[in-house]
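Asker:
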């Protein structure tokens with residue numbers, strides 16, 4: 017039990033026929049999603065899972081087009097073949113294959129150009145794709161703009177033993193709509209789910225960074241820190 021770094025639980029939405037007998041078991045319930053049209057025309061997506069979110073969206077839009085004759089599509093749904101942000105290099109210098117999770121050379125490019133460890137380079141490549149290059153460039157630029165600060169300080173490790181770098185905090189605020197400390201440590205970096213104590217040790221530093229970027233008042237900063245500490249308490253394993 018001493019090896020447990022973080023603990024949490026969650027709820028999964030499952031679709032059940034309201035007319036079916038209640039036997040207390042979820043084993044036979046569908047893990048897929050259902051599109052339901054209410055009598056007033058409301059289209060709802062029931063159940064589903066993160067890994068099929070594109071299919072869910074497409075099915076919902078297809079149903080809306082069938083239900084609402086006044087809504088017209090410009091063409092066929094493109095979501096199946098639309099690339100995720102970061103999956104391609106906008107400059108055209110690198111191919112899609114260079115960013116592949118297995119066998120891609122993007123981690124080597126990151127390590128060579130920015131001097132981070134291979135562990136951090138692989139982490140950045142997996143989590144940000146080609147946007148990792150933008151993250152590293154921003155880290156260097158931020159470092160150059162601060163007196164008495166090494167230009168590469170933003171690429172230093174946040175905590176020992178983990179591949180996360182400091183520049184991921186401002187990147188989450190600037191590009192990933194993070195507005196709270198919990199957003200950064202739990203919902204962007206996901207460090208809270210890996211090591212709750214490590215995440216808790218970063219609450220103040222994260223708050224200091226976000227204070228400058230978001231213009232927090234002292235009272236707002238204090239509130240955000242308290243919220244983060246309370247949240248991280250729920251992630252810690254207590255025998």
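In this note's numbering, the protein residues as written are 17 to 255. Beta carbons: idealized from backbone N, C-alpha and C, even for Gly.
Could you give the first and the last residue of the continuous beta strand (DSSP E) run that contains residue 41?
Answerer: Neither: residue 41 is in no beta strand (DSSP E) and is coded neither H nor E.
Asker: Ends of the beta strand (DSSP E) at residue 61?
Answerer: Note, residue 61: beta strand (DSSP E), 59-63.
Asker: Within the same chain, show all residues whose beta-carbon is closer than 7 Å to that of residue 222, passing over the 5 residues directly before and after it, in chain order.
Answerer: Cβ neighbours of residue 222 beyond the five flanking positions: 185, 197, 200 and 201.
Asker: Just the Cα atoms here: how many angstroms apart are residue 90 and residue 100?
Answerer: Those two C-alpha atoms are separated by around 22 Å.
Asker: Are the Cβ atoms of residue 188 and residue 204 separated by less than 8 Å?
Answerer: It is a contact, given that the beta carbons lie within the stated cut-off.
Asker: In terms of alpha-carbon separation, which member of 22, 51 and 20 lies closest to residue 30?
Answerer: Checking every option, the nearest Cα to that of residue 30 belongs to 51.
Asker: Kindly indicate which three-state DSSP category residue 50 falls into: helix, strand or coil?
Answerer: Residue 50 falls in the strand class under three-state DSSP.
Asker: On a Cα-Cα basis, can you pick out the residue from 54, 57 and 28 that is closest to residue 43?
Answerer: Closest by alpha carbon: 28.
Asker: Would you list the residues sitting across from residue 173 in a DSSP beta bridge?
Answerer: BP columns for residue 173 point to 181.
Asker: Could you spell out where the alpha helix (DSSP H) holding residue 218 opens and where it closes?
Answerer: Looking at the DSSP string, residue 218 is not in any alpha helix (DSSP H), and its letter there is neither H nor E.
Asker: When the Cβ atoms of the stretch 205-224 are set against those of the stretch 235-245, are three or more pairs found closer than 8 Å?
Answerer: Flag = yes, the stretch 205-224 and the stretch 235-245 touch.
Asker: With a threshold of 8 Å, are at least 3 pairs of Cβ atoms found where one atom belongs to the stretch 171-179 and the other to the stretch 129-149?
Answerer: Result yes; three or more Cβ-Cβ pairs closer than 8 Å.
Asker: Around the Cβ of residue 88, are there at least 16 other Cβ atoms within 10 angstroms (buried) or fewer (exposed)?
Answerer: Exposed is the call here.
Asker: Which residues bound the alpha helix (DSSP H) around residue 152?
Answerer: Note, residue 152: alpha helix (DSSP H), 147-160.
Asker: Note down the Cα distance separating residue 63 from residue 82, rounded to an integer number of angstroms.
Answerer: One C-alpha to the other measures close to 21 Å.
Asker: Under the rule that 16 or more other beta-carbon atoms within 10 Å means buried, what is residue 92, buried or exposed?
Answerer: Label assigned to residue 92: exposed.
Asker: Return the CA-CA distance between residue 154 and residue 228, expressed in angstroms with no decimal places.
Answerer: C-alpha separation (whole angstroms): 16 Å.
Asker: Work out the CA separation of residue 190 and residue 69 for me, nearest whole Å.
Answerer: Taking the straight line from one Cα to the other gives about 25 Å.
Asker: Am I right that residue 141 and residue 122 are in contact with their C-beta atoms under 8 Å? What's the rounded C-beta distance?
Answerer: Residue 141 to residue 122, Cβ: 4 Å. Contact.
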